[in-house]
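Since the structure comes first, as structure tokens, the remarks are kept for the end.
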Amino acid sequence: MNTFRIKLILVIIYLIAPLFSEGQLSKNWFNEDPDKDRFAGVSSDNAYENLLKDMKSVPIVVAVIDGGTDVNHPDLKSKIWVNPKEVAGNGIDDDKNGYIDDIHGWSFIGGPKDDIKGENLEMVRIFRKLDPVFKGKTKKQISKNELNDFKLYDEIKVKMEVALKDANSGLKVYSSLKKQMDDLKQAIGKDTFTEADVLAIESEDEEFNNTKNGIAEALKNGVSYDIMYQEVMAGYNQFYSQVNYHLNPEFSPRAIVGDNEANQNEKYYGNNNVIGPEADHGTHVAGIIGAVRNNEIGMNGVADNVHLMILRVVPDGDERDKDVANAIRYAVDNGAKVINMSFGKDYSPNKNIVDEAIRYAEIKDVLLIHGAGNDASNVDSKPNYPGPYGSDKNDKVSNWIEVGAISSSGDAARFSNYGKERVDVFAPGVQIYATTPDATYDFHDGTSMASPVVAGIAAMVWSYFPELNARQVKLIITSSVLKVPFKTQLPGSRKKVKFTSLCNTGGIVNAYRAISVAKLVSVQTKQSD
Numbered sequence: 001m002n003t004f005r006i007k008l009i010l011v012i013i014y015l016i017a018p019l020f021s022e023g024q025l026s027k028n029w030f031n032e033d034p035d036k037d038r039f040a041g042v043s044s045d046n047a048y049e050n051l052l053k054d055m056k057s058v059p060i061v062v063a064v065i066d067g068g069t070d071v072n073h074p075d076l077k078s079k080i081w082v083n084p085k086e087v088a089g090n091g092i093d094d095d096k097n098g099y100i101d102d103i104h105g106w107s108f109i110g111g112p113k114d115d116i117k118g119e120n121l122e123m124v125r126i127f128r129k130l131d132p133v134f135k136g137k138t139k140k141q142i143s144k145n146e147l148n149d150f151k152l153y154d155e156i157k158v159k160m161e162v163a164l165k166d167a168n169s170g171l172k173v174y175s176s177l178k179k180q181m182d183d184l185k186q187a188i189g190k191d192t193f194t195e196a197d198v199l200a201i202e203s204e205d206e207e208f209n210n211t212k213n214g215i216a217e218a219l220k221n222g223v224s225y226d227i228m229y230q231e232v233m234a235g236y237n238q239f240y241s242q243v244n245y246h247l248n249p250e251f252s253p254r255a256i257v258g259d260n261e262a263n264q265n266e267k268y269y270g271n272n273n274v275i276g277p278e279a280d281h282g283t284h285v286a287g288i289i290g291a292v293r294n295n296e297i298g299m300n301g302v303a304d305n306v307h308l309m310i311l312r313v314v315p316d317g318d319e320r321d322k323d324v325a326n327a328i329r330y331a332v333d334n335g336a337k338v339i340n341m342s343f344g345k346d347y348s349p350n351k352n353i354v355d356e357a358i359r360y361a362e363i364k365d366v367l368l369i370h371g372a373g374n375d376a377s378n379v380d381s382k383p384n385y386p387g388p389y390g391s392d393k394n395d396k397v398s399n400w401i402e403v404g405a406i407s408s409s410g411d412a413a414r415f416s417n418y419g420k421e422r423v424d425v426f427a428p429g430v431q432i433y434a435t436t437p438d439a440t441y442d443f444h445d446g447t448s449m450a451s452p453v454v455a456g457i458a459a460m461v462w463s464y465f466p467e468l469n470a471r472q473v474k475l476i477i478t479s480s481v482l483k484v485p486f487k488t489q490l491p492g493s494r495k496k497v498k499f500t501s502l503c504n505t506g507g508i509v510n511a512y513r514a515i516s517v518a519k520l521v522s523v524q525t526k527q528s529d
């Protein structure tokens, strides 16, 4: 069996499996109760029905630092933060915060005329900076002061070569598969067709016949051609971005923004287009946190009384430290109490400015929630930036929750990062149904989905118990986790491990339990005031 055929079968299996699980899953599973329902949800529905029914709440501003959010989505529109001191569209910085017409937030990756979509990985930006200095040199030619930079350059160069080779191979496979599917549809001559229509097409081309048979098998199992094609295009686009943007040192779109790249302390740049050219990820994240509950459309967010502040920082590629730091400070200065960050990267060349912004948030009593990442890696030994640690592991902020992902069975997601020290909790992050652009909804996987579940619980707790501080809210969430009694598969391995080896609490967040604890802590807080 040739390589193309093997990869085609893997693609078909990938396409079919989620559809069967989708049919069995409740679209609302992440809000459901593990005792009452079949799934390992966070019991938010149960908390509203039985603990919060007659209680009053206050709105909590939650900042969504992401790649852009569809602020006009019907399940989000009424939940989007509106800057009360800014007049829309007048071209004036009414509130004197340095950002003109920042009605719903700000984009730090847009400029006067355009918005960044594709970007390099951070290691490529580092390579581009160091290559003119070290290209063609050996270790013997390097001074002692340059040795660390040379080692980093050497490490990155090897990683880039491997990654680019894999990306080109992937692009070749998906380009070929895309062409075969296009040719098949053209040969059939109609938009809707059956397994029999596909098998009726004859060809002497072996690859075409392999594709034809694979598609026929998928159609037989109930997968539509359109769904298959969408998934193939997603794979094609992913590898295309890797080859042309992520791993391409000759590509640099930052001129669009118009800032001074060398000035890491620069704050006032960007534009107010918080939707951006690609808002799928950020819209999904926003919906998990706070989509309108019980409005009989789409899905229910975790938190019922939030204002979602939209900050666009994450391109199709790696975010820049400068933009992340500025987004955190913007969120803090403009009233956010919770900040969700569903992004991460392997290198952080200007980590200090992000650390300073995180410390600023800690001082201002703002809670930061961060997805642990999707590499099935141990972040105790391979950090995922940004993070709560400063110069060493003893220099840790108190306002940070690091989140891994579970599936509906309560097992650790096969892709989730983990860490006995650096990951705090796990939350639902597989087959999460939430808002996507243009009034649509879809299932997504990732710690990017688990993080907003926790952000939603944090907002939920704070909304009903506003007298609490960030440290208390974090402690309430982490101390009320549902301990996992069974062993789970170690992500990226076949080995079975205890949940206590995956995160420092050894458990899954639970809104019902968190609210129960918050009630007690609230009484104690009021009595001590």
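The sequence shown begins at 1 in our numbering and counts up by one.
Just so it is clear, CB atoms sit at the ideal spot from N, CA and C, and this is done for glycine as well.
Query raised in the report: Whose C-beta lies closer than 7 Å to the C-beta of Ile-395 among residues of the same chain, with five residues either side of it excluded?
Result: The sequence shown places Asp at residue 395, rather than the Ile named in the question. Counting only Cβ-Cβ distances below 7 Å, and skipping sequence neighbours, we find Tyr-389.
Query raised in the report: To which residues does DSSP link Trp-81 through a beta bridge?
Result: In the DSSP output, where bridge partners are listed per residue, Trp-81 has none listed.
Report task. Quick one: using the 10 Å Cβ neighbour count with 16 as the cut-off for buried, is Arg-422 buried or exposed? Result -> Result: buried.
Query raised in the report: Of all the options Ser-107, Ile-156, Gly-189, which has the alpha carbon lying nearest to the alpha carbon of Pro-277?
Result: Ranking Ser-107, Ile-156, Gly-189 by CA distance to the CA of Pro-277 puts Ser-107 first.
Query raised in the report: Where Asp-131 and Ile-142 are concerned, what is the direct C-alpha to C-alpha distance, given to the nearest angstrom?
Result: The straight-line gap separating the alpha-carbon atoms of Asp-131 and Ile-142 is approximately 13 Å.
**Report entry** Beta-carbon gap between Ala-279 and Thr-525 smaller than 8 Å
**Finding:** Going by C-beta atoms, Ala-279 is not nearer than 8 Å to Thr-525.
**Report entry** Rounded straight-line distance, which links the Cα of Lys-220 to that of Lys-212
**Finding:** Taken atom to atom, the span from the alpha-carbon of Lys-212 to that of Lys-220 is near 12 Å.
**Report entry** Met-309, DSSP secondary structure in three states
**Finding:** Residue state, collapsed to three classes: strand.
Query raised in the report: So, helix, strand or coil for Ile-100, using DSSP?
Result: Residue state for Ile-100 is assigned as coil, using DSSP reduced to three classes.
Query - Among Met-123, Phe-426, Leu-475, nearest to Thr-500 - alpha-carbon criterion - result: For the set Met-123, Phe-426, Leu-475, the Cα lying nearest the Cα of Thr-500 is the one of Phe-426.
Query raised in the report: By the 10 Å Cβ neighbour count, where 16 or more other Cβ atoms means buried, how is Tyr-512 classified, buried or exposed?
Result: When all chains shown are included, Tyr-512 counts as buried.
Query raised in the report: Contact between the segment 225-232 and the segment 250-262: three or more CB pairs below 8 Å?
Result: Counting Cβ pairs under 8 Å, fewer than three are found: no touch.
Query raised in the report: Among Asp-197, Val-173, Ala-163, which residue has its Cα nearest to the Cα of Leu-184?
Result: Of Asp-197, Val-173, Ala-163, the residue nearest in Cα terms is Asp-197.
Report task. Check each candidate in Gly-456, Asp-101, Ala-187 and name the one with the smallest Cα separation from Ile-201. Result -> Relative to the Cα of Ile-201, the nearest Cα in the group Gly-456, Asp-101, Ala-187 belongs to Ala-187.
Query raised in the report: So His-391 and Glu-362 are in contact, right, with Cβ under 8 Å, and what is the actual spacing, rounded?
Result: With the sequence shown as reference, residue 391 is identified as Ser, and His is not the correct amino acid for it. Their Cβ separation, rounded to whole angstroms, is 15 Å, which puts Ser-391 and Glu-362 out of contact at 8 Å.
Query raised in the report: What did DSSP end up calling Gln-524 once you bin it into helix, strand or coil?
Result: If DSSP states are grouped into helix, strand and coil, Gln-524 belongs with the helices.
**Report entry** Beta-ladder partner(s) of Thr-435, from DSSP
**Finding:** Answer is Tyr-441, bridged to Thr-435.
**Report entry** Val-523, buried or exposed, once every other Cβ within 10 Å from all chains shown has been counted against 16
**Finding:** By the Cβ neighbour-count rule, Val-523 is exposed, with fewer than 16 other Cβ atoms within 10 Å of its own.
**Report entry** Ala-372, buried or exposed, once every other Cβ within 10 Å from all chains shown has been counted against 16
**Finding:** By the neighbour-count criterion, in which 16 or more other beta carbons inside 10 Å mark a residue as buried, Ala-372 falls on the buried side.
Requested in this report: For Ala-234, count neighbouring Cβ atoms within 10 angstroms of its own Cβ and tell me buried if that reaches 16, exposed if not.
Outcome: Answer is exposed; the Cβ neighbour count stays below 16.
Query raised in the report: In the structure shown, what three-state DSSP assignment does Ser-241 receive?
Result: In the structure shown, Ser-241 adopts helical secondary structure according to DSSP, grouped into three states.
Query raised in the report: Across which residues does DSSP place His-370 in a beta bridge pair?
Result: Paired residues: Met-341, Glu-402.
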